[in-house]
Amino acid sequence: MATVDPIENLQNGSRKGVYEALLSIGQDLASTVDLDTLLERILSATQKIFHFDNALIRLVDMDRGVLEAVASFGYSDEAIRQEIALGQGVMGRAALRGAPVLIDDLENEPDYVPGIMGARCELAVPMLARDRVIGVFNVESTSPGAFNAEDIEPLLALAGQAAIAIDNARLYQELKDVSEQNRELLQLNKRIIGSTDLGIYTVNTDLRITSWNRKMAEMSGI
Numbered sequence: 009m010a011t012v013d014p015i016e017n018l019q020n021g022s023r024k025g026v027y028e029a030l031l032s033i034g035q036d037l038a039s040t041v042d043l044d045t046l047l048e049r050i051l052s053a054t055q056k057i058f059h060f061d062n063a064l065i066r067l068v069d070m071d072r073g074v075l076e077a078v079a080s081f082g083y084s085d086e087a088i089r090q091e092i093a094l095g096q097g098v099m100g101r102a103a104l105r106g107a108p109v110l111i112d113d114l115e116n117e118p119d120y121v122p123g124i125m126g127a128r129c130e131l132a133v134p135m136l137a138r139d140r141v142i143g144v145f146n147v148e149s150t151s152p153g154a155f156n157a158e159d160i161e162p163l164l165a166l167a168g169q170a171a172i173a174i175d176n177a178r179l180y181q182e183l184k185d186v187s188e189q190n191r192e193l194l195q196l197n198k199r200i201i202g203s204t205d206l207g208i209y210t211v212n213t214d215l216r217i218t219s220w221n222r223k224m225a226e227m228s229g230i
């Protein structure tokens, strides 16, 4: 059975298959909280749905005002290591504006940031989560005009799903880190209270005793 390129279908006016795939991918991403696994699934979905030869995800570091590459395929190590300032190149402009940037022919683009070898066409879409740009999803081609306006909407849909999933994964990790810190502080507090020779007890807002340490137990016999 012959396979059908969803992008070709999209350009011919049939979007059902692409959006059904995006819905399925969105449900899969929503159940993933590990960031590394999540990024792998996003790139896998990109290849499965769009059949791109390359894709690059850069996330915003607001403290330094740069975009850092966190996942990719089809790009050299040198291109991945390079940081891009907000507003710099195609990806930087997409992040700064919060809007897609499509360049038909990169030969006429003076601030193009080198990506794939022999790139001529580039499409970058912002990754939006909770009304803020958290990153950029970028693809390139060696053929001028390889991408057009019809490609933007489905890529924005995937980038939006990915952004929300990434934001949730980050929030989960932050909460997990805080929980672990609180657990360590609680254990430290218990060790300190348990080892002191002072009688220590705690009360609630009704001034009822809720706990006391070993010394208080010795002193009270309770």
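Residue numbers (our numbering): 9 to 230.
For each residue, glycine too, the CB sits at the ideal point set by N, CA and C.
This one's a predicted model, so the numbers in the text were calculated from it and none came from an experiment.
Query	Result
If I measure Cβ to Cβ from M9 and keep anything under 6 Å in the same chain, skipping five residues before and after, which residues do I get?	Reliability of the predicted coordinates at M9 is poor, the pLDDT of 41 falling under 50, and the value obtained from them is presented with this limitation in mind. There are no such residues.
With 16 other CB atoms within 10 Å as the buried threshold, where does M99 fall?	buried
Tell me the DSSP secondary structure of L194 in three-state form.	helix
Around the C-beta of A79, are 16 or more other C-beta atoms found within 10 angstroms, so that it is buried, or is it exposed?	buried
Rounded to whole angstroms, what's the CA-CA distance from Q195 to N212? Just pull it up for me.	20 Å
Please classify M70 as buried or exposed, where buried requires at least 16 other C-beta atoms within 10 Å of its C-beta.	exposed
Using the rule of at least 16 other Cβ atoms within 10 Å of the residue's Cβ for burial, across every protein chain shown, is L67 buried or exposed?	buried
Using DSSP bridges, identify the partner residues of E182.	Answer is none; E182 lacks a bridge partner.
Could you tell me which residues DSSP puts in a beta bridge with A173?	According to DSSP, which records beta bridges pairwise, A173 is partnered with nothing at all.
For L46, which residues of its own chain have a beta-carbon under 7 Å away from its beta-carbon, when the five flanking residues on both sides are left out?	L37, T40, A173, I174 and A177
How many angstroms separate the CA atom of E91 from the CA atom of N62?	18 Å
Only counting the same chain, and skipping five residues up and downstream in sequence, which positions put a Cβ closer than 8 Å to that of E16?	In this predicted model, E16 has a pLDDT of only 46, less than 50, meaning its place in the structure is not dependable enough to derive any value.
Is DSSP giving R72 helix, strand or coil here?	coil
Just reading off the alpha helix (DSSP H) that L104 is part of, what are its end residues?	G97 to R105
How far does the beta strand (DSSP E) with S149 in it extend, from its first residue to its last?	R140 to S149
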